[in-house]
Structure formats: structure tokens, C-alpha cells
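First comes the structure, then the notes that go with it.
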Amino acid sequence: MKPLSILISGFGPYVEPQKVDFTEYYDDGLFLIRGETGSGKTTILDAMCFALYGKIPGDRGKALYKVKDQELNVRPASVPDNVATEVVFEVELSGRRFRFRRSPTYITGSGTKRLHKASIEEWDGSTYQPLTNTVTDVSDVARQCVGMDAEQFAQLILLPQGKFAEFLFANSKEREKILSLVFPMDTYQNIMDWFKTQRQDTNEALKASKSAVDIAQAKVIENLGEEPDSTLTFIQWIEQSLKDLTKVLKSHQTEHKKAADAAKKAAEAVTLAESKSEALKEFREAETSIAQATLSLSELAAKVADSTITQPYSQSLPAVIAGLSTQTASLKDQLTQAKTLATTQLEVVESQKSVAQSEKVLKGLEEAIKAAQNERVALKKSADAKTNVSAKLPTLEKTQTSLTDQIQRCSDLALASTQLSKAQETWDLASKQVVVSGAAVDKIRASIDADMAAKLAANLVDGHACAVCGSADHPAPAKPVKGTPTSDELTQAQATLESRRSQLTEATASRAAAKEKVSTLEKAITKSDLPNDIAQLEKQLHETVTEIAAVSVAIEEAQSRASALAELETSIEAQQIVIDEAKKVLSELKIAHAVVETTAKNLQATLPKDFDPQAIELAHAQIDGRITLLNDILDVAKVLEKSLVTAKAKLDANASAAKDAGADIEPLKAAAQLAKSQAEQIAHQITIVNARANRLTEQLPEIQAAHDAVTAAQELKTQWDNIAEYVEGNQGRKIALTRFYIGQRLKQVVAQASVRLAKMSAGRYTLLHDETIKDANGSGSGLAVLVYDKWQGEARGPETISGGEKFMASLALALGLSDVVKGENGGARLESLFIDEGFGSLDDDTLNDVMDILDGLREHGRLVGVVSHVAAMRDRIPKQLIVSKNKNGSVISSN
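When you read off a place in the sequence shown, starting at 1, and then add 92, the result is the number in this note's numbering.
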């Protein structure tokens, strides 16, 4: 996201329209939003989020939300009716320039209710063109183009008060959701989906194979009319059943022959008896029958229309029908082979697709492992290079100690010099006070002496000698003075003088001690080969500390890269396992394809080159019709020929049969009928058993093939299940492929963040990416972030560090994420970042280190806005957006 400008009107503390032109700050890259508490600094960020999504993120949004009206309460009461509550936000998203315009639902001072409105326009190179003015559509476009929703927008771009560390303290699921927005993982998800589809397809194929076995077995059970023997496999049971049916068939055939012979003899006996009783009648009827049969056979000859078929038809027709049946069976076999060939050819196409898909996946996996191997080489080179830097650390630390000691000596000298100056001032003052006090004592004494002289002068008498000097002349006698000090005042003045003389003695001793200390420090400083300028020393110390931090970071990076190298080795091994499995599957698919392709070629070879299915179908139908006709004729011919033979026999035997006429034939008829019925029943049983045996013979290879298909499908399913379980994170390290990818990206983010955090914390803290921490379900997380404390020599959770340290870690992680994402194609583009407060928790030195990091952001083409009231930041960030508040509403200006 690249903000261009925002216009805020009647929104929060902004009564009158206020505009911010963000393009003024892109050249510098870093700007400060400052102002008094409550002036509306954070409201600028709220307005951006509101324009895009129609809501304000975090606790501020909840506080402004009117539960009763289900609306945001952002309109100040002092806004005139003619001023709308509105935000107009111009922004560049994914290379496209948009203008979002949104107004919340609000009520004006006169009571008029304005409904929630929103619209979006896109720049076409010369002007803005409208896209939509539907509230929900505008929010949807924002989510689609920004690549995240309002809460995620607040976590990655607008880092609000109290919510700055959410990404640092997020759980694995939340962190994965955030990272997936900025690091597209469609390829890896597609790979997982493909494995899942293959797994489902093989499972469905197994179900279909088992269903085919069940259907085929059900047909066998239906054919035999009994349940399988539980002590045998189904195929063994079929084979045993075939043997049993063969035995039964042979037994029935033997019985049928006996019954048929008995029926024939019984029928002949009946016929003979009947002929004896009706000899004459049958003789006459025989003549008629012969004539009719002869005529009917002539008519049949016309229907046959085949010169190769001669009488008797009952003997010639079966051979012809058998030949035609052979032809139709051959045609049927060809049609069956043709259908099988078509099915096999489809299987060839499908297996070829599977081989191609597997080769494509294998190629993708091989490219991925090749990239990982290249990364391994780069990591090893980088780790080796960083390790060589560690040799400089002892020398730098020794230099740091020397500089620190010299700075301390210089600081002590400055302090001692100050103390000497103060001691000299104290001595001067004490000396002056002694002089003043001495003069005061002398003055009091002089006054007392003058008073005594005046008292003596009062007793002088002209001409009499003075008691003091003995002179009788008194030219200028002393006169009394008002306010003459008392003896107590003299005593007090003398005590003050003595006290000040003691103070002078003490001041003299202090001055001498201070001079001695200054002299000692000057000698020590002069003895060192380092400069005596504190500013220069501090500069050298800062440079040395910075270099130590850089070396420490380099050492940490070397260790981190060594750890990353080990993890990458593990990753490469895991990827190699997947590749080996994929190669195995591909090999098996190729073998299966070759088998199916060979089968298709063999089937094709069995068919004539000029094979025409439609012609074969037509010929098959014609032959079937011919067979039906000949069978019908055969049945009639048998009857006619039998009638003809019978009639001739009757005719020949008429004379002798007539002699025996009158015999009882009823018992013979009953016996003949019984024998015939028994023969027919046995024949029917033979037909049933024979049909069952034939069907069972056909079903046996089908059952065998179905069972083989189930075995092959089960093996293939097991292979795909194992691969899918590994890719989905249910086996091995229990990290899904997508989460493994996100974990690698997080590792890059943490590496970038560690460099920044180490600089912010003077080398004390770095961030670690820990893949060993498990989720609640026991699967690998791969997304844990820990803080490594170099001073304590331990890694711990980020929640254990102080408030200011949490701020630094959160800022470093946010900037690290921005660094990594900036070079990516696809996903959400983090071209801007706004940091709302948090700097007040830092001490001066740490704040300077953090500001050094923020200063460095200017060089990376990223816009960073910092919201803060910390005074020190005004000097460090020249570009500033100033928010001033007054009773008429806040005003935005720039310096």
C-alpha cells in the first residue's frame, strides 16, 4: 500500500476539512506526526482504515462504536450542518491508483440523519473513473487490492497504540494467517491438493475395484444358488464348484441315456400295440401320412434354398447349424475383443495423463530441492565469512575498555576541575569574609575606644592635667557618639571572625586537595596515548561499540546461519524423501502404463486389419436369423421325417400288425409316458447344470482379474496415503508442506529482524525461529519466535522481556517482515508503515539506537510514519506533520 493523500472532514477532532499530502514525505522516507495529547494524531491513521474498510481497528474502534445505533460515533458536536463527515483517501494499491470516499451514518445538529455512503474511483491516467458506490463492494475491493482485512491491516501497516506487539505475540495459527497474506503459497497448496486428489482417486479406485469384486461374486452366488464355503477362498470355491458340476453333469448324462432308452422302448411298445389294434386303419392313414409328409418336405426344401442341404434334413441341417454357430461365436469374440480394446485404449490415455502429471510434480519438487541446495551453498559461504570476523572481537573489547577508562578519567578531571573552581571560589569568599570580619572587629573596637575617650573627655577641666596623657591643654576633646557598640557585640564580632578564619582554613585544605586531584588526573590522562577530548573519545567509543555490535551480530548471524544450514540440511533430506517416493510412484505408473499399452497392442493385433464393427454386427445378426430359421426347419423336418418313417413302417407292417389287433395297450401307454417324463426331467437338469458350468467358466477369469485389480489398487492407495500423510503433516516432523514453506519465510523475517534488534539493544537481544515447539494437537508448529538474551545466554518467550524491549522486538519484527516482503512478487506489498506511539517506554540511549534504525529506512524506498509526542524525536526526524488543537477543532500543518 502506498498512500498519496487523505482529506479528513468533520471526523474526530477535525471540524474543518484537513488534508495530508503524503507524497511530500516519500523522498525523505521517514516523517513524524506530532502534537499535543488528544489533538488527533492517531485519528489520521483511523481515517485511513475507515476510508478503506468502513471501520476503525482495535480498542479505539470499539470505544467509538455506538451499540444502540450500531454506528461509529466520530462526528464532533460542533461541526456545522453544511460540513459533511467524510474521509477521502487517495492510495496506490498493487500498482493501481484509487480514490476511496466514505461517510459514516451520522445526525447533523438540526436532526437530519445522513446514511453510510462509500464510493471508489480508479485513475485511468488522466482522470478518476467511478468503479462502485456500494458500501459492501467498496470494502470488498479494499480487501482484495490491499490483500488483507481491517484487523490484519492494523497488524501489518497501521501499528496502533496497545496493539503494536500483536504479531510478535500471535500464536502459530494467527501468525500463519498473517504470513500467508504477504507470502503467496498457491504452488505449495496446489501440490498438497494434487496429492490429496491422487489419494482420493486411488481410494475411489480401490472402492470401485472392491465393488466390482462384490458384484462379480454376487453373480457367481446367484448362478450357483448357494453361499460360498467359508473354509475356501472365493476363487477356490469357484474351482471346486466347477469340479462338482462336472461330476453332476456326467452323472445326469448317464442317467439320461438310460431313461431315454427306456422311454424309447416303451414308446415302441405302445406304437406296436396300437398298430396291432388298428392295423387296417393305420395302413390307410400311413398312406395318407406318407403323401402329406412328402409334400411338406418338398415345401421345406423350397424354404432352405441351399443346394448343399439335402434330405434327410435331420442329418444335414445340424452340421450346417453348427458351422453357422461357429461363425457367430467367432464374430462375437471379435466384437468382445473390440470392446475390450476400446476400454484398454481409454486406460492407456488415462495412464499417460497420470504419468505426465507425476512427471510435472516431480519436476517441481526437484526444482524446489535444487533451490534449497543453492541456498545451502550460499548459507555455508555466508556463515564461513561471518565466522572470520569473530577474531576482531577481543581487540575491539580491549579498545572499548581503554576508551571507557579514558572517558572516565576525563570526566573525573572535568569534575575535579569544577570542584577546584568551586573550592577556589569558596576560599576567595572565605578570605574576603575574614577580611570583612576583621575590619568589623576593628571598627567596633575603634567605636568603643572613641566612646571611652568621650567619657574621659567629659571629665576634663581646662587647666587640669588629662588622666590619660597628662596634658593640661585640651584643644580637641572627644565627643560622645550615638550607637556605640557594646562589649557583647564586640565579643560576637570576634566569634564571627574566628569562625570565618576556621572556614578559611578548611577552604585552604579543600583547595589544596582539589589541586592535588586535578594534577594526578592530568598526569594519568597525559600518560595515556588516547586523546583527552571527551567528545572525540565518546565518538571513538560509539564507533567501537557499534563495531562490536556489528561483529557480535555477525557472530550471531554466523551461528544463526549455521543453525539455518542444519535445518536446511534436514529440509533437503525431507524433500529428498518426497522426491524418492514421487520417483517410485512415477516408475510404477510408467510400468502400469507400459502394461496397459502392451495389452492394447496385443488386442489390436488379434483383430483383422479391415475390421468393421458395424459390418460384423450386421453379419452376426444375419447369421443368427439364419440359424433360427434352420432350427425351426430342423424341428419341422425331424417331425416330418419321423412321421414319414413311421408311416412307411406302418404301411409295411400293416398286414402282420392287423393279425395281432385287439391287444390291451393302456398299461403300455402309462409306462411309456412315465419313461418319457423321467427322461425329460433329467434332460432339464442337464441343461441347468451345463448352463451353470458354462457361466462359471466365464466368470472365473473375471473374478480373478477383479481380485488382482483390488490388490493393485490397495498397493497404490497405500503408497499415496503415505506420501499424502507426510505432505499434510501427519507423519515425520508433522509439519504440513504449506506451513513448512511459511516457516522458511518466517525464518527469513526473523533473520532480518534480528539484525535490527541487535543494533537497537546494543547487541544484547536477537530473535530466534524455533521449529521444535509443538501445537496443541502435537503436530509441528514451525512458526514459534523466541528472544535470545546474549547477556543471560538463554532463549525465552517474548512475553518475558520488559515493555521497552518488547517495543524494540515488535518494531524489529515488523521491519523485518517489511524488508523481506518488499523484494517479493505477489502477496500484499508493504510499501508503507505507520508506528503509533511506544517510544516513550525507551530510555535515551535505546531511543537513539531505535532512531538509527528508523533513519536507515530512508534508504529503502519505504514510507514510515511515526506518531509520537517524545520531544527528542523532533530533532532526529526533520520531516514533520504537526497537529494543533484548539476550541474550533484540530488543524494539520507541515514544517
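Where is the CB? At the ideal position from N, CA and C, for every residue including glycine.
- [ ] Determine the direct distance from the alpha carbon of L710 to that of G415, and round the result to whole angstroms.
- [x] Locating residue 415 in the sequence shown gives position 323, counting from the first residue. Locating residue 710 in the sequence shown gives position 618, counting from the first residue. Cα to Cα, G415 sits roughly 18 Å from L710.
Open item on the list: Whole angstroms are fine: how far does the CA of A686 sit from the CA of W215?
Closed with: The residue labelled residue 215 in the question sits at position 123 within the sequence shown. The residue labelled residue 686 in the question sits at position 594 within the sequence shown. Cα to Cα, the separation comes out at about 58 Å.
TODO: Report the partner residues of S986 according to the DSSP bridge assignment.
DONE: Taking the first residue of the sequence shown as 1, we reach residue 986 at position 894. DSSP, once it has assigned bridges, lists L973 as partnering S986.
Open item on the list: Can you check whether the C-beta of R848 is within less than 8 Å of a C-beta belonging to chain D?
Closed with: The displayed structure is made up of one protein chain only, and chain D is not part of it.
Task: Backbone secondary structure at A963 - three-state DSSP - done: Against the sequence shown, residue 963 aligns to sequence position 871. Of the three classes helix, strand and coil, the one that applies to A963 here is coil, per DSSP.
Task: Member of S218, L164, E182 whose CA lies at the smallest distance from the CA of I199 - done: Working through the sequence shown from its first residue, we reach residue 199 at position 107. The shortest Cα separation from I199 among S218, L164, E182 belongs to L164.
Open item on the list: Run through the DSSP bridge pairs and tell me what A887 is partnered with.
Closed with: Stepping through the sequence shown from its first residue, residue 887 is reached at position 795. DSSP, once it has assigned bridges, lists Y880 as partnering A887.
Task: Residue from N814, I100, I283, E116 whose Cα sits closest to the Cα of Q972 - done: Position 880 of the sequence shown holds residue 972. The option with the nearest alpha carbon to Q972 is E116.
Open item on the list: Can you give me the C-alpha to C-alpha distance between K891 and P276, rounded to a whole angstrom?
Closed with: Counted from its first residue, the sequence shown places residue 891 at position 799. Counted from its first residue, the sequence shown places residue 276 at position 184. Contrary to the premise, residue 891 reads as Glu rather than Lys in this sequence. For E891 and P276, the distance between alpha carbons rounds to 29 Å.
TODO: Can you tell me which of the three DSSP states Y833 falls into?
DONE: On the sequence shown, position 741 is the one that residue 833 refers to. Helix.
Task: Whole-number beta carbon distance between A587 and I536, since they are thought to touch under 8 Å - done: Residue 536 sits at position 444 when you count from the first residue of the sequence shown. Residue 587 sits at position 495 when you count from the first residue of the sequence shown. Their Cβ separation, rounded to whole angstroms, is 12 Å, which puts I536 and A587 out of contact at 8 Å.
Open item on the list: According to DSSP, simplified to helix, strand and coil, what is K111?
Closed with: Within the sequence shown, numbered from 1, the residue matching residue 111 stands at position 19. Three-state DSSP puts K111 in a strand.
Task: C-alpha distance - R167 paired with V942, whole-angstrom precision - done: The sequence position of residue 167 within the sequence shown is 75, counting from 1. The sequence position of residue 942 within the sequence shown is 850, counting from 1. Approximately 36 Å between the Cα atoms of the pair.
- [ ] Whole angstroms is fine: what's the gap from A650's alpha carbon to T228's?
- [x] Position 558 of the sequence shown, counted from the start, is the residue given in the question as residue 650. Position 136 of the sequence shown, counted from the start, is the residue given in the question as residue 228. Those two C-alpha atoms are separated by around 50 Å.
Open item on the list: To the nearest angstrom, how far is the alpha carbon of S207 from that of V107?
Closed with: Within the sequence shown, numbered from 1, the residue matching residue 207 stands at position 115. Within the sequence shown, numbered from 1, the residue matching residue 107 stands at position 15. It is Leu, not Ser, that sits at residue 207 in the sequence shown. Each residue's alpha carbon lies about 19 Å from the other.
TODO: Taking 8 Å as the threshold, find out whether the stretch 265 to 275 comes into contact with the stretch 832 to 843 through three or more Cβ pairs.
DONE: yes
Open item on the list: The alpha helix (DSSP H) that contains P486, what's its start and end?
Closed with: As a first step, residue 486 must be located in the sequence shown, where it is residue number 394. Run containing P486: 485 to 550, per the alpha helix (DSSP H) assignment.
Open item on the list: Helix, strand or coil, according to DSSP, for V942 in the structure here?
Closed with: Start at 1 with the first residue of the sequence shown, and residue 942 comes out as number 850. Three-state DSSP puts V942 in a helix.
Open item on the list: Rounded to the nearest angstrom, what separates A344 and H776 at their Cα positions?
Closed with: Residue 344 sits at position 252 when you count from the first residue of the sequence shown. Residue 776 sits at position 684 when you count from the first residue of the sequence shown. The identity of residue 344 in the sequence shown is His, whereas the question assumes Ala. So the two alpha carbons sit approximately 10 Å from each other.
TODO: Using the Cα positions of V233 and S982, report the straight-line distance between them to the nearest angstrom.
DONE: Position 141 of the sequence shown holds residue 233. Position 890 of the sequence shown holds residue 982. Computed Cα separation, rounded: 31 Å.
Task: Cβ contact check for the stretch 139 to 146 and the stretch 181 to 200: 3 or more pairs under 8 Å - done: In short, these stretches touch, since the Cβ pair count reaches three.
Open item on the list: Check for me: the beta strand (DSSP E) holding Y118 runs from which residue to which?
Closed with: Counting from 1 along the sequence shown, the entry for residue 118 is found at position 26. Unbroken run through Y118: none, as it is neither H nor E.
Task: E863 - DSSP class collapsed to helix/strand/coil - done: Residue mapping note: residue 863 aligns to position 771 of the sequence shown, counting from 1. Here E863 sits in coil by DSSP.
Open item on the list: Let me confirm a value: T285 is counted as buried when at least 16 other C-beta atoms fall within 10 Å, else exposed. Which label applies?
Closed with: Here residue 285 is taken as the residue at index 193 of the sequence shown, counted from 1. One detail in the question is off: residue 285 reads as Asp in this sequence, not Thr. Exposed: under 16 other Cβ atoms inside 10 Å.
- [ ] Check the C-beta distance from T858 over to E648 and give it rounded, since I have them as a contact under 8 Å.
- [x] Along the sequence shown, read from residue 1 onward, the residue named residue 858 stands at position 766. Along the sequence shown, read from residue 1 onward, the residue named residue 648 stands at position 556. The Cβ separation is near 5 Å, so the contact holds.
Open item on the list: Whole angstroms are fine: how far does the CA of A674 sit from the CA of K455?
Closed with: For the purposes of this step, residue 455 is taken as the residue at position 363 of the sequence shown. For the purposes of this step, residue 674 is taken as the residue at position 582 of the sequence shown. If you take the alpha carbons of K455 and A674, they lie about 10 Å apart.
Task: Delimiting residues of the beta strand (DSSP E) encompassing F190 - done: Your numbering for residue 190 matches position 98 in the sequence shown. Looking at the DSSP string, the run of the beta strand (DSSP E) that includes F190 is 188 to 195.
Open item on the list: With a threshold of 6 Å on Cβ separation, who are the neighbours of S579 within its own chain once the five nearest residues in sequence on each side are excluded?
Closed with: Translated into positions along the sequence shown, residue 579 becomes position 487. Excluding positions up to five away in sequence, the list is empty.
Open item on the list: Quick check: V956 and L925, are their CB atoms within less than 8 Å of each other?
Closed with: For this step, residue 956 is matched to residue 864 along the sequence shown. For this step, residue 925 is matched to residue 833 along the sequence shown. Cβ distance < 8 Å, so V956 and L925 count as in contact.
TODO: Tell me S97's beta-bridge partners as DSSP assigns them.
DONE: Position 5 of the sequence shown, counted from the start, is the residue given in the question as residue 97. S97 is bridged by DSSP to D113, E182.
- [ ] Decide yes or no for the touch test of the stretch 546 to 553 against the stretch 566 to 578: beta carbon pairs closer than 8 Å, at least 3 of them.
- [x] yes
- [ ] Give every residue of the same chain whose Cβ lies closer than 6 Å to the Cβ of V958, excluding the five residues on either side of it in the sequence, and list them in chain order.
- [x] Locating residue 958 in the sequence shown gives position 866, counting from the first residue. Contacts found: L124, I927.
Open item on the list: So for L838, helix, strand or coil by DSSP?
Closed with: Working through the sequence shown from its first residue, we reach residue 838 at position 746. It is helical.
Open item on the list: Tell me the DSSP secondary structure of P569 in three-state form.
Closed with: Translated into positions along the sequence shown, residue 569 becomes position 477. Residue state, collapsed to three classes: coil.
Task: G754 burial status per 10 Å Cβ neighbour count (16 or more: buried) - done: For the purposes of this step, residue 754 is identified with residue 662 of the sequence shown, where counting begins at 1. For G754, the pLDDT reaches just 47, beneath the cut-off of 50, and the residue's location in the model is therefore unreliable, although a value from the coordinates is still provided. Only exposed fits G754, as fewer than 16 other CB atoms lie within 10 angstroms of its CB.
- [ ] Out of I100, S503, L298, point me to the one whose CA is closest to V112's CA.
- [x] Position 20 of the sequence shown, counting from 1, holds the residue named residue 112. Here the closest residue by C-alpha is I100.
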